[in-house]
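Residue numbers for the sequence shown follow full-length UniProt numbering, beginning at 1 and rising by one. All residues carry an ideal CB built from backbone N, CA and C; glycine is no exception. Keep in mind it's a predicted model, so treat the numbers as computed, not measured.
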Amino acid sequence: MEKETKYLQLAALLRESIQEGELKPGEKLRSENELTAAYGCSRQTVRHALSLLEEEGLLARRRGSGTYVKGFREMPPENRRRIAVISTYVDSYIFPRTIQGIENYLFERGYSVQIAFTNNLLERERIVLEDIISRDDVGGIIMEATKSGLPNPNLPLIRTLAERDIPILFINSYYRELPLPHVTLNDRQAAERAVEYLARAGHKRIGALMKLDDGQGRLRYEGYLTACRRLGIPAGDRGTMWLDTEGEKNFSDCRAAILRSFRDCTAVFCYNDKLAFLLEGLLKEEGLGIPEDISLISVDDSELAELSDTRLTSVHHPADRLGGKAAENLLALMKNRSFDATCEFEAGIVERDSVKRLL
C-alpha cells in the first residue's frame with residue numbers, strides 16, 4: 001500500500017510539472033536512476049509512475065533513447081487532469097459554496113482546478129475562452145454564462161472548444177442557443193413556488209423585480225407569469241421592474257421607477273436575495289415597513305436573507321450540492337460523451353419573516 005501511495009505521489013508531482021510547463025513537450029525526462037536519486041524512492045516506484053503517465057498520454061518511451069514529455073496538447077481530453085471553472089463574480093455570495101462543492105469532488109479524484117472570473121463582462125469572457133483555446137490543456141469546462149439573457153458574440157469560441165471534443169457543462173445560467181448540458185436550480189419552478197406561497201398568504205397584487213441580462217431572470221419571470229395566470233393574479237408591465245447589471249450596481253438611481261412600479265403591490269417577488277436586500281433598504285428609506293406595508297420573497301436562501309433587518313423568506317439555492325453535482329456530471333461526460341449531464345434542482349422555500357399573511 002505504501003509503494004502504491006509513493007508511485008501515485010511521484011506521478012502527481014511529474015504531472016504537475018508538465019501542467020505548469022516546467023517539463024515541456026519534446027523534453028527528455030531524466031533517467032530512472034536520476035529520478036530515483038532526486039525523489040528518494042525505488043526504481044520500481046519510478047517505473048510504475050512513468051508507466052501510469054505513459055498510459056495517460058503524457059509521456060512516450062523511445063527505444064534506446066529514453067522517455068520524453070508529450071504534454072497535454074497530445075492527450076485526448078478525457079485523460080487530462082485539469083478542469084477549467086469559469087464564473088461571473090469572485091465576490092458572489094453563491095459562488096464560494098458552489099466552487100467548494102466543485103473543488104472537493106474533483107480534488108478527491110485527482111483533478112486540479114483552474115478558476116477564472118468574467119465579472120459578467122463579455123470582453124473578460126472572451127479573453128478567458130481564448131486563453132483556454134490557446135493553452136489547450138483542459139479536460140473539461142464548468143462554466144457560468146455571462147449575461148446569458150442577451151445575444152453573445154463569444155458563442156463561436158465556445159463552439160470551437162466543443163468541436164475539439166472538450167466537454168462543457170454550464171452552472172446556474174446557460175446559453176439557450178447552445179445544445180450543451182447545464183446543472184442549475186429549476187428557475188421556473190422557483191418562481192412559481194414563490195408566487196404560490198404569496199398567494200396562499202392572501203396576496204393578489206404581486207410585483208416582480210427581475211434581472212434583465214441574466215438568463216435566470218427570463219426563466220424566473222416565465223415562472224412568475226405562469227403562476228400568476230394559473231392563480232388569476234394580474235401580471236404584466238404594471239408591477240414589473242427590470243434591472244440590468246449596471247442598474248443593480250446603481251440601484252438607488254432607479255428609485256423613482258422602482259417606487260412607481262410597486263406602489264399598488266402588497267408583495268414583490270425578487271430575482272434574488274441581493275435585489276430583495278437592496279429593495280428592502282430603499283423601501284425603508286421611504287418609511288415603508290417589511291412586511292407590514294409590503295411583503296418580499298426572493299431566491300437563493302443566502303447569508304443576505306439572514307442579514308436583512310427583516311429576515312427574508314427565500315427559495316433555497318443548493319449551491320454546494322449543485323457544485324458537486326456539476327463536477328460529478330462533467331467527469332461522467334468526459335468518459336461518455338452521450339451521457340445526459342443536465343440536472344435541475346427542485347425548488348423549496350425557506351420561511352422567515354418577510355411575508356405578511358393577509359388571510
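Assumed close pair residue i, residue j - CB separation to whole angstroms, cut-off 8 Å
i, j, result
"E144", "N172", "5 Å"
"T67", "T146", "Rounded, the Cβ-Cβ distance is 42 Å, inconsistent with contact."
"T245", "D213", "6 Å"
"V128", "I83", "With a Cβ gap of about 14 Å, V128 and I83 do not count as contacting."
"R61", "E54", "6 Å"
"residue 383", "A194", "Residue 383 is absent from the structure shown; the chain starts at 1 and stops at 359."
Cutoff 8 Å; reference residue i; Cβ partners in own chain excluding five residues on either side
i, result
"Y93", "D273, K274, D300, S302, E303 and L304"
"R311", "A305, R352, D353 and S354"
"M1", "Because the pLDDT of M1 is 34, which lies under 50, any placement of that residue in the model is unreliable, and the number read from its coordinates should be weighed accordingly. Correct list: empty, nothing qualifies."
"A12", "G110"
"E130", "L157"
"Q114", "R82, I83, A84, V85 and V138"
DSSP three-state assignment for residue i, whether helix, strand or coil
i, result
"Y224", "helix"
"T313", "strand"
"H48", "helix"
"A201", "coil"
"F269", "strand"
"Y111", "coil"
"M1", "Note on M1: pLDDT 34, under 50, position unreliable in the model; no value is reported."
"F339", "coil"
"K356", "coil"
"S298", "strand"
"T184", "strand"
"V138", "coil"
"A60", "strand"
"T240", "strand"
"I18", "helix"
"residue 368", "In the structure as shown, the chain starts at 1 and stops at 359, and residue 368 therefore has no counterpart that could be examined."
"R80", "coil"
"G40", "coil"
"L212", "coil"
"L23", "coil"
"Y93", "coil"
"T98", "helix"
"G324", "helix"
"Y7", "helix"
Residue i versus residue j: straight-line alpha-carbon distance, rounded
i, j, result
"F95", "R263", "34 Å"
"G110", "I86", "20 Å"
"D136", "E351", "47 Å"
"G289", "L283", "7 Å"
"E34", "G40", "10 Å"
"K6", "T45", "7 Å"
"R255", "K70", "59 Å"
"L279", "L178", "34 Å"
"S31", "A37", "10 Å"
"G287", "L150", "36 Å"
"I233", "M334", "46 Å"
"R15", "F117", "25 Å"
"L307", "A276", "12 Å"
"P167", "Y105", "17 Å"
"G281", "Q189", "27 Å"
"G26", "L59", "9 Å"
"A162", "R357", "50 Å"
"S298", "I18", "46 Å"
"F170", "G64", "47 Å"
"I258", "Y224", "18 Å"
"V90", "R43", "45 Å"
Below-7 Å beta-carbon distance, residue i vs any chain D residue
i, result
"G110", "This model lacks chain D altogether; it includes just one protein chain."
Cβ neighbours of residue i in the same chain (closer than 7 Å, five flanking residues each side left out)
i, result
"Y175", "A145, S148, N152 and L155"
"E222", "R188"
"R80", "F72, D137, V138 and G139"
"L359", "A201 and G202"
6 Å CB neighbourhood of residue i in its chain, flanking five on each side removed
i, result
"W242", "M210 and L212"
"R218", "G149"
"E20", "none"
"E22", "none"
"K28", "G66 and Y68"
"F251", "L278"
| query | Given 8 Å as the limit, is there contact between the stretch 181-201 and the stretch 108-127, that is, 3 or more CB pairs closer than that? | reply | Judged by Cβ distances under 8 Å, the stretch 181-201 makes no contact with the stretch 108-127, as fewer than three pairs qualify.
| query | So, do the stretch 335-345 and the stretch 282-296 have three or more beta carbon pairs nearer to each other than 8 Å? | reply | Three or more Cβ pairs closer than 8 Å define a contact, and the stretch 335-345 falls short of that threshold against the stretch 282-296.
| said: Does the structure place the stretch 310-322 close enough to the stretch 83-102 that three or more beta carbon pairs sit under 8 Å? | reply: Taking a cut-off of 8 Å on C-beta distances, the stretch 83-102 touches the stretch 310-322, as three or more cross pairs fall below it.
| query | Counting Cβ pairs, one atom from each stretch, are 3 or more of them under 8 Å apart for the stretch 325-332 and the stretch 129-142? | reply | The stretch 325-332, when compared against the stretch 129-142, does touch it at the 8 Å Cβ threshold.
| query | Is the stretch 154-163 touching the stretch 187-204, taking contact as three or more C-beta pairs under 8 Å? | reply | Segments in contact, no.
| task | Decide if the stretch 202-217 is in contact with the stretch 257-271; the criterion is three or more beta carbon pairs, one per stretch, under 8 Å apart. | result | Put simply, the stretch 202-217 touches the stretch 257-271. At least three CB pairs are less than 8 Å apart.
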